[in-house]
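No gaps in the numbering here: position 560 of the sequence shown is 560 in full-length UniProt numbering, and each next residue is one more. C-beta: ideal position from N, C-alpha, C; glycine also. For reference, the structure discussed in these notes is given below.
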Amino acid sequence: MVRLKGHGESSAYGSMDTMAGISAEDRLKLLENPKRRRDDDDSLTALRETLSTAILAPKTPIPVEPASEISQAIILFVSCLLAFAAAATALSLVPLFQSLRSSIGFSSFQVCFLNAAPLLFSAVTTLVVNNFVQSSPLWDVLAWASLCLALGCWIASCSHYGSPLEYLALGQLFVGVTIAFLSGTPAKLCAFWMAEEKHAWTHTLWVSSALLGSSFAFLAVPPMVGGDGQGRHLGSFLLWRAVLTTGLAAAVIGVRGGMVPSSGPERDESLLYRYRSSSEATMSFAELLRNKKLMYVVVALGLAMGGIFSFFMLLPYLLSLPPHNYTPLQAGQVLCLLAPMGIVGLFVVKGNLLDLPNNGRYKQPILVTIGGTAFFVFIFVMVLGRTHELGLALVGGAVFLFAAPLLFFSQQVTADLSYPHAEHVSSVVVTAVLELIVAICPLISVALTHPFVAEYDSEDSSPTGWILSYGSAFWMLLFATSFLMIVTFYKDDERKIFIDSHPQVIASLTTKVASDLSQARAFSEMVIPMPEKFVREEESMLDHERREAARDVRWSRHGV
Numbered sequence: 001m002v003r004l005k006g007h008g009e010s011s012a013y014g015s016m017d018t019m020a021g022i023s024a025e026d027r028l029k030l031l032e033n034p035k036r037r038r039d040d041d042d043s044l045t046a047l048r049e050t051l052s053t054a055i056l057a058p059k060t061p062i063p064v065e066p067a068s069e070i071s072q073a074i075i076l077f078v079s080c081l082l083a084f085a086a087a088a089t090a091l092s093l094v095p096l097f098q099s100l101r102s103s104i105g106f107s108s109f110q111v112c113f114l115n116a117a118p119l120l121f122s123a124v125t126t127l128v129v130n131n132f133v134q135s136s137p138l139w140d141v142l143a144w145a146s147l148c149l150a151l152g153c154w155i156a157s158c159s160h161y162g163s164p165l166e167y168l169a170l171g172q173l174f175v176g177v178t179i180a181f182l183s184g185t186p187a188k189l190c191a192f193w194m195a196e197e198k199h200a201w202t203h204t205l206w207v208s209s210a211l212l213g214s215s216f217a218f219l220a221v222p223p224m225v226g227g228d229g230q231g232r233h234l235g236s237f238l239l240w241r242a243v244l245t246t247g248l249a250a251a252v253i254g255v256r257g258g259m260v261p262s263s264g265p266e267r268d269e270s271l272l273y274r275y276r277s278s279s280e281a282t283m284s285f286a287e288l289l290r291n292k293k294l295m296y297v298v299v300a301l302g303l304a305m306g307g308i309f310s311f312f313m314l315l316p317y318l319l320s321l322p323p324h325n326y327t328p329l330q331a332g333q334v335l336c337l338l339a340p341m342g343i344v345g346l347f348v349v350k351g352n353l354l355d356l357p358n359n360g361r362y363k364q365p366i367l368v369t370i371g372g373t374a375f376f377v378f379i380f381v382m383v384l385g386r387t388h389e390l391g392l393a394l395v396g397g398a399v400f401l402f403a404a405p406l407l408f409f410s411q412q413v414t415a416d417l418s419y420p421h422a423e424h425v426s427s428v429v430v431t432a433v434l435e436l437i438v439a440i441c442p443l444i445s446v447a448l449t450h451p452f453v454a455e456y457d458s459e460d461s462s463p464t465g466w467i468l469s470y471g472s473a474f475w476m477l478l479f480a481t482s483f484l485m486i487v488t489f490y491k492d493d494e495r496k497i498f499i500d501s502h503p504q505v506i507a508s509l510t511t512k513v514a515s516d517l518s519q520a521r522a523f524s525e526m527v528i529p530m531p532e533k534f535v536r537e538e539e540s541m542l543d544h545e546r547r548e549a550a551r552d553v554r555w556s557r558h559g560v
């Protein structure tokens, strides 16, 4: 290890280290003749070169050995299972749009608020929660997330016996805290647990798990509630949801007890995440929020995702209106294709068509995914009421064919723009801002969709097109604004792309610069006279060394 000089230290401290192996008598002779010491001690030049190389070397993260294959597989499975459960729970009320209005009497705005509440509450609590758990091992974070998920479901199940809106909203609050706990999970998986070549797969599996959770809600929830839109079994559904999430929490805690050792990898993981104080984490969050380029891109991506989430949330409501008049069960059968098509987009569109991992350029893929999503949302609005179930399912799935890759690209580009902050720190801030924007957009969309309770005499009098004229115009405005912001405010960093694609060239240049700089420093110290101030400081230090050397000689003669 090289000991770098701190503030107020002179180069004499470096010479003291080189004399550590010399006997007391020889040290006293050298110190009594500083000129001879300077002429004979060639190791100082080598020390300067070592220091220069160390200063100019690229700052690399703490090297951490990946965990074993079994540990990687288990924690990745548990993390993806929690992502699946959190998505399914947070969106479990979306298929019940019609049931909640019929059985409880909620307005469309109240139902939309309950559906958007997990993201809204998560946006508010993400920074606070992660400020406390930023140095905690990942297994502890997963355990806390599962407990909050179960607690939220139990609170929501009490709505059958009290005020429904308050209990459901409070339950959604704890579901939002669960999402806040999980916001940094993919980054922590990549930072410590997974090998570097598996990072892209980790993010892909994480997004796929969340998509499958949303699709599972459309398939499983309507049959459990009755499927006809009357909500006869709503109370039993909420109770069963609480029981299942409690079992999941018990399983996660049990697996954690068997997987987390008392020492070893967990200790290294804590050192990797840890700040010296919570104020340092707060300062990092503030620096990321002041990063203008990052915030521009996050806002642009948030507007596009807000349009996607608004479209996703209002689909059951729109399909329940004439001329379709779909029940929640029928609407779920149409919308269950959204997640599979999104997974196809992750593996086909992202990997083969856009090829982001190999070129490092984000702008073009993001623009393609935003444009493709907006195009198919517009097509869905046009064919609504004019085609059958399969056509609606295919067009809706085409929306997520581009929406899922957009989510993946958002993770990558925000991590890149957050440098030098670690991804498990930047992802927390990015998630909080994105969730806030995404949660507000559905509320505006449903406010533009009147009347709240649709009752029409016949299919001919259905104002479906009139209702969509406001909501779809707002969605197109979101997509257009997002597209223009990316075009205007974001440019790929070609210098970074060149550096990443030519690591050997950069390494050789760094070595050459370090060597030249060390030689220049050595030459300047030889030809430039030292100021009197530093001469006096060095002489005083040499006097101190002489006294210590003389004392060592006296002690050695007395056998001490």
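Return the chain-ordered list of same chain residues with a C-beta closer than 6 Å to the C-beta of residue 301, the five sequence neighbours on each side being excluded. 410
Kindly indicate the opening and closing residues of the alpha helix (DSSP H) around residue 193. That residue, residue 193, is in no alpha helix (DSSP H); it is neither H nor E in DSSP.
N-terminal and C-terminal residue of the alpha helix (DSSP H) that residue 601 is part of: Given a span of 1 to 560 for the chain in the structure shown, any question on residue 601 remains unanswerable.
Does the beta-carbon distance from residue 187 to residue 418 come in below 7 Å? no
Residue range of the alpha helix (DSSP H) that residue 405 falls in? Note, residue 405: alpha helix (DSSP H), 389-417.
If you draw a straight line from the C-alpha of residue 75 to the C-alpha of residue 113, how long is it? Using only the alpha carbons, I get a separation of about 33 Å.
Using 8 Å as the Cβ pair cut-off and three pairs as the minimum, do the stretch 391-407 and the stretch 432-441 touch? no
Would you kindly check if the distance between the Cβ of residue 332 and the Cβ of residue 442 is under 7 Å? When the beta-carbon positions are compared, residue 442 and residue 332 stay at least 7 Å from each other.
Pairwise C-alpha distance: residue 197 and residue 250: Between residue 250 and residue 197, the C-alpha separation is close to 32 Å.
So what does DSSP say about residue 330, is it helix, strand or coil? helix
Excluding the 5 residues flanking residue 122 on each side, which residues of the same chain have their C-beta closer than 6 Å to its C-beta? Here the set comprises 176, 179, 180, 435.
Residue 116 and residue 439 - do their beta-carbons sit closer together than 7 Å? yes
Please state whether DSSP places residue 422 in a helix, a strand or coil. coil
Compute the Euclidean distance between the alpha carbons of residue 445 and residue 474, then round it to the nearest angstrom. So the alpha carbons of these two residues sit roughly 7 Å apart.
Return the chain-ordered list of same chain residues with a C-beta closer than 6 Å to the C-beta of residue 414, the five sequence neighbours on each side being excluded. 430
Can you tell me where the alpha helix (DSSP H) with residue 364 in it begins and where it stops? Unbroken alpha helix (DSSP H) run through residue 364: 363-383.
Is residue 241 helix, strand or coil by DSSP? helix
With DSSP run on the structure shown, which of helix, strand or coil describes residue 548? helix
Just verifying my parser: in three-state terms, what is the DSSP assignment at residue 184? coil
In whole angstroms, what is the alpha-carbon distance linking residue 390 and residue 320? 16 Å
Helix, strand or coil at residue 81 according to DSSP, with G and I counted as helix: In this structure, DSSP gives residue 81 a helical state, which the three-state scheme calls helix.
Assess, as a yes-or-no matter, whether the stretch 144-164 is touched by the stretch 240-247 under the definition of 3 or more beta carbon pairs within less than 8 Å. Touching, yes, given that three or more Cβ pairs across the two stretches are closer than 8 Å.
Classify residue 199 as helix, strand or coil using the three-state DSSP reduction. helix
Between the beta-carbon of residue 95 and the beta-carbon of residue 328, is there less than 7 Å? A contact, by the Cβ cut-off of 7 Å.
Identify which residue in 110, 146, 159 has its Cα closest to the Cα of residue 255. 146
Where does residue 540 land, buried or exposed, given buried means 16+ other C-beta within 10 angstroms? Residue 540 is exposed by the Cβ-count criterion.
Assuming residue 85 contacts residue 213 (C-beta within less than 8 Å), just tell me the rounded distance between them. Indeed, because the Cβ distance is near 7 Å, the residues count as touching under 8 Å.
Which residues in the same chain as residue 470 place their Cβ atom closer than 7 Å to its Cβ, once the five residues preceding and following it in sequence are excluded? 448, 449
Residue 482, DSSP secondary structure in three states: helix
With H, G and I counted as helix, E and B as strand and the rest as coil, what does DSSP make of residue 386? coil
Report the three-state DSSP secondary structure of residue 291 (helix, strand or coil). coil
If we call anything under 7 Å between Cβ atoms a contact, is residue 306 one with residue 437? For the pair residue 306 and residue 437, the CB atoms are nearer than the 7 Å cut-off.
Please go through the same chain and pick out, in chain order, the residues whose beta-carbon is closer than 6 Å to the beta-carbon of residue 109, but skip the five residues on each side of it. 446
Rounded distance between the beta-carbons of residue 310 and residue 381, thought under 8 Å: Not a contact, Cβ separation roughly 12 Å.
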